[in-house]
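Written out below as structure tokens is the structure these notes cover.
There are 2 protein chains.
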Amino acid sequence: MGNSNYTINFKIEGGDPVSVTGYSTESVLDIAKRAGVVIDAPCGGNGTCGKCRIKLLSGEVLGEQSAHITELDASEGWRLACGIKPASNLELFLPASAQAFQSRIRVTDFSGVREKAAFDDLRASLKALGFEGDCGIEKVSVEVSEPSLEDAAADRERVEAALVGKLGVSGVKFSLFALRRLPYALRNGGFKLTLVLRRDADSDTITVLDALPEDASSNCPLHGLAIDIGTTTVSMLLVNLETGDPVTAASGGNAQIRYGADVINRIIESAKPGGLERLRKAITNECLTPLVRRICVTAGIEPEQIYRVAVAGNTTMTHFAVGAPGEFIRLEPYIPVFFKTDALSAHALEFPVNPGAQALFAPSIGSYVGGDITAGVFASMIYDKDTLSLFVDLGTNGELVFGGKEFLMSCACSAGPAFEGGEISCGMRATNGAIEACSIDKGTEEPSLSIIGGEGEKAAGLCGSGLIDIIGELFRCGIINAKGKFNVEGKRVVKDEYGGHAYIVVHAADSATGSDIMISEVDIDNFIRAKGAIFSAIRTMLASVDMPQEAIDDVYVAGGIGSGIDIGHAILIGMFPNLPIEKFHYIGNTSLSGAYAMLTSNKAVKQVNECANSMTYLELSSHPSYMDEFVAACFLPHTDASLFS
Amino acid sequence: MGNSNYTINFKIEGGDPVSVTGYSTESVLDIAKRAGVVIDAPCGGNGTCGKCRIKLLSGEVLGEQSAHITELDASEGWRLACGIKPASNLELFLPASAQAFQSRIRVTDFSGVREKAAFDDLRASLKALGFEGDCGIEKVSVEVSEPSLEDAAADRERVEAALVGKLGVSGVKFSLFALRRLPYALRNGGFKLTLVLRRDADSDTITVLDALPEDASSNCPLHGLAIDIGTTTVSMLLVNLETGDPVTAASGGNAQIRYGADVINRIIESAKPGGLERLRKAITNECLTPLVRRICVTAGIEPEQIYRVAVAGNTTMTHFAVGAPGEFIRLEPYIPVFFKTDALSAHALEFPVNPGAQALFAPSIGSYVGGDITAGVFASMIYDKDTLSLFVDLGTNGELVFGGKEFLMSCACSAGPAFEGGEISCGMRATNGAIEACSIDKGTEEPSLSIIGGEGEKAAGLCGSGLIDIIGELFRCGIINAKGKFNVEGKRVVKDEYGGHAYIVVHAADSATGSDIMISEVDIDNFIRAKGAIFSAIRTMLASVDMPQEAIDDVYVAGGIGSGIDIGHAILIGMFPNLPIEKFHYIGNTSLSGAYAMLTSNKAVKQVNECANSMTYLELSSHPSYMDEFVAACFLPHTDASLFS
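So the protein lines, in turn, are chains P and L. Just so we're on the same page, our numbering is the position in the first sequence counted from 1, plus 21. Just so we're on the same page, our numbering is the position in the second sequence counted from 1, plus 21.
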């Protein structure tokens, strides 16, 4: 039959149409990728996740019908983009939901951020320990004599002399950006200007990053950007470097999700020709650029006024942001290209900020314990405690750190993205519309819900904390059993389209999506495996140092699970050990708060690196008891009920 | 009438056609510039040079006929692109000659370079003075243990430890480029690899610029690039940094020429919206990129194997290469943005070499004495002499330096581009086809010519040294008088199309161009003003230190005038003072050889900067006697004949 080519028209809900040539040998998903048409495909296009739904408006395709598409939907033209290839010219409709990560951008004044309280606590701790105000970015006012035929020194040499005189430094460098701006700043400010400079930490030299006429500089505070590059979500904080105050917060879906929901699928994509560049640009061009644009508009500044960047992310995300090959992370013996990087040039990284800015990355300690965790351990302050703490980061996958001043031991478990609503049919992140808490009346089996966004907000899905509550309540009320299977007599229990059962949390008429919000046995099974991975990791780590769970003085819970987490329910379902509830503390997105600390303090950068140096890594898969522990933990709450009595 | 838009089709000789929308308000030259269609326009588009000839194939235009276009040519459709605006859709033919600078690229194995002898002398001097082999770029072989589950350090940390152990340095940085390559280099070389690194001059740290598997590294010598960015011509030398040997030489026209032949027109263009970027990209994208591509193909290396760059150019060219605004250079009090720059990132400059490479620029000392002169003064070694030397750089314009160990005084004169064949109807650079020497038989008035390229090469035009010879011989034979006007009875003297007279050097039948090669009174007048500018500058400089011309012990002649220069003729026409011929030395393109010295030696970089620090600048225009001296020098040889008796 050969390779025919066709015209493929994508009609994109809420966007401009895109037309591209497609070949009979490639899937519609691949054609879309090539054309820059974004379709969420968490599984990376292997047909398992069922998210890349598109509607065939006209034309012929080849490919089998997916089990993820009901007969009714199929009759209306719905298909999975990864499962069909063109057999004629095509007209396709792409619903906004297929581009979910793009619509997930939220930008808020920091005072409206849900985690503000946890963040304010962090700032108080940082201040108490002296991690504050030493980021090395400064503003200096300089006045120079006006040049004349008799005094014809060049602009740079003129300003350099004034700086050396004023600051007593031995050397002055100019970034290319500052050099290019310098003559206008001098002349527009009547030879009075404000220079933004970076002091080198270890030497007596400075680098000028920007030059502004004095008039303009009064309303120009120095800004920095803290970034958390999560596998699912990219979050950032714009920070006033002079006061340390967060100004604006923003987050959006990680655009890499169309290459896979998990790091493994993305690493596989990165190893294809041009793949690493695609993944790198998905971060810089599709996440950082739009988020920074929005954050700057909200804050009323230009991206060039961002003079320092600190980034935390897991090892793979850090590699892709830097453009370093990630492929050896997934091949035994699982070796990253780097644990630590030098301060890197924002311009070289193509980060959309002042080109002279440096980007600092939180260090990794292994392929599966990254900068998000070292930054988080610093932000949790457990490294500085005489007592023993357990730090649990529930993002996409789960990472744990146990210890204190004496030792720090870390491990990573393959919990998957369930805590962030991933791989759950009605799952979503802890943002507006998410059901973040739930109780169920044992008699009526009716749920009472708490929805993020407050009064009048309709439920759109379930975030991690909501899932814990619902599963906990379904179990408490006997609507599901210890294996997570439904009592089919349940009042809101229905048969789902795949032959299993599900509980209707919100009826279609009351939901934001117009569909029932349900939790199915498949969802519950996914979640039980996620919580089982966490619990068994805790057990294995304690066993490796021969300690009982009572040795844990405090548990710090971090990550995208949401501040609504009900620890009682989490213990009830066997996710956390049965310790007094007052020992548990939810401390928010510590990857981002650690990046914030690095952004505002060079001393904090040093300390994060020291935390990394002192952390050991426990490889769970090579630990003999881990698999048994995991299997035992895949019940509600556990096969060994005595652990939760 | 308003602003109408039309479709403008450019048919380009030897190139692909280009179609673009043009407006009735813009000249065809401006439309071409916008479309990226290159048309030489040395005057910058003000109608004076007559070089932007295009042929109208179909369509209507508005605009008066140029005096530069003959009736016959006009009837065939020839127009000046700068003088016409579209009044309908147009079809235009663009001859290769309109893109002359693009066809001027020449790349040669260095052993074939005409100036090799002068260059070999320079290398011997550099070696004698210890300016050799200290560029700080090194190759180091490292072998590391293969990683395993038990020894899971990251690639970077593994190699860093080996480097610290081997070299005893305190810090190791990796360029982004090296970091991205590192894992492949390690695994493709069986964990044996060769690292290219730069030692910081002042500290105990190194930066890794490249990582290569050991197998590949044996045929990979380290290369650097010396660049002379001239107003008319960009020249470069690819150098083996391990031996100091030049490998390949290349030169091409400066693509900025379409914005003007002289720096003033280009500065005016640079101040327009987007102009500075156009001028910067004309250097990086249109000169450096094609030249480096050609030079690398010839040498059999990749551009990423160029690890260090040294650049010399006049102040304006340096500003444009760096992307710094040049507009204040031409406005009183004529202040550049910088005299010296830090070592700049090749990646930030968009130079087509290893992105971790640094580019070093020779320092300027004023708006009109640039890095080409400080590099040249170093290469001439006059700064190191107990005797007094005169250094004369005859490029586009002329710059002079007088002095020795005790003092160095510099000045610049507006000689224009005549020494490089500019503003001369049949002028050209000293490359193949150029008439570089000439004698005329007084009886027959027939010329004997020496043409660059040797046996069988047909004459294409006149380079600077050829012009000196022909004007000298025409004067000696009485074919022109002291004012440069022809004896109309001369045997080869004809009336030219502008009403003046001209001498036919080569008849159309024998020339490479198929047209007569002539020298006209306008040409001679241009040349006399150029030589007068040089001679009067020498006189004024000597007068300012109250010295006679006999105080000059040596005269070093540098620049694009060509190695064929006949000093006897140059004295005869009153270009140089009447000193014994053995005091004159032609030393080639010293801007390039100074850049070569900086490329191969950090000590040389320091010395060039010291030369710059010790040079004073004499502003001729503010010197009372200069204008009188200039007027007096605009004769053959001079109004004061006693100076040449």
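All residues carry an ideal CB built from backbone N, CA and C; glycine is no exception. Because the structure is a prediction, the values reported are computed rather than measured.
For the pair I525/P and D544/P, the CB atoms are not nearer than the 8 Å cut-off. As computed with DSSP, G43/L is found in a beta bridge with Y27/L.
In this structure the region 343-352 of chain P touches the region 274-290 of chain P; the number of beta carbon pairs closer than 8 Å is three or more. For the region 353-375 of chain L, the beta-carbon criterion of a distance under 8 Å to any beta-carbon of chain P is satisfied by E353, P354, Y355, I356, P357, V358, F359, F360, K361, T362, D363, L365, S366, H368, A369, L370.
Here R135/P carries a coil assignment [DSSP, helix/strand/coil]. Counting only runs that start and end inside the region 585-613 of chain P, the beta strand (DSSP E) elements of at least 3 residues fall at 605-607. By the neighbour-count definition (other C-beta atoms within 10 Å, threshold 16), D587/L is a buried residue. Classified as exposed, K426/L has fewer than 16 neighbouring CB atoms from the shown chains inside 10 Å of its CB. In the three-state DSSP reduction, T637/P falls in the strand class (E or B). Inclusion of D393/L and D283/L in the CB contact set at 8 Å is not warranted, their separation being larger than that value. Within chain P, no C-beta atom comes less than 8 Å from the C-beta of P311/L; the nearest is roughly 23 Å away. Using a 10 angstroms sphere on the CB of K516/L, the tally of other CB atoms stays under 16, which defines it as exposed. Note on geometry: alpha-carbon atoms of Y647/L and A554/L lie some 9 Å from one another.
K194, F195, L197: these are the residues of the region 179-198 of chain L whose beta carbon lies less than 7 Å from some beta carbon of chain P, given in chain order. The C-beta of S169/L comes closer than 8 Å to at least one C-beta of chain P.
When Cβ-Cβ separations below 8 Å define contact, V332/L makes no contact with chain P. Residue range 254-261 is occupied by the beta strand (DSSP E) that includes M257/P, with no alpha helix (DSSP H) assigned at that position. Taking 4 residues as the shortest admissible run, the region 308-354 of chain P contains the following complete alpha helix (DSSP H) segments, listed from N- to C-terminal end: 310-320, 336-343. The Cβ atoms of G583/P and E420/P lie no closer than 8 Å to each other.
Taking every protein chain shown into account, the CB of P601/L has fewer than 16 other CB atoms within 10 angstroms, so this residue is exposed. Under the rule that a run must span 3 or more residues, the beta strand (DSSP E) segments found entirely inside the region 553-581 of chain P read 575-579. By the rule that beta-carbons nearer than 8 Å mark a contact, P346/P touches chain L. Under DSSP, Y524/L takes part in a beta bridge, and its partners are V514/L, I540/L. The residue from F412/L, G274/L, G464/L, L300/L with its alpha-carbon nearest to that of I559/L is F412/L. Annotation: P116/P is outside any beta strand (DSSP E) and is labelled neither H nor E by DSSP. Under the Cβ criterion of 8 Å, P204/P is counted among the residues facing chain L. Scanning chain L for C-beta atoms nearer than 7 Å to the C-beta of F349/P yields P204, reported in chain order.
Membership of A400/L in the alpha helix (DSSP H) is indicated by the continuous run 392-401. Taking a Cβ-Cβ cut-off of 9 Å, the neighbours of R201/L in chain P comprise L297, V343, G344, A345, P346, V358, given in sequence order. The DSSP-derived three-state label of L657/P is coil. Using a Cβ distance threshold of 8 Å, V163/L and A102/L do not count as a contacting pair. Membership of K302/P in any beta strand (DSSP E) is not indicated; the residue belongs instead to the alpha helix (DSSP H) covering 296-304.
As DSSP reads the structure, P234/P sits in a beta bridge with L214/P.
Under the three-state reduction of DSSP, D155/P is assigned to strand.
Using a Cβ-Cβ cut-off of 8 Å, A292/L does not count as an interface residue toward chain P, since no Cβ of chain P sits closer than that to its own.
Contact of A88/L with chain P by beta-carbon distance below 8 Å is absent, the smallest such distance being about 38 Å.
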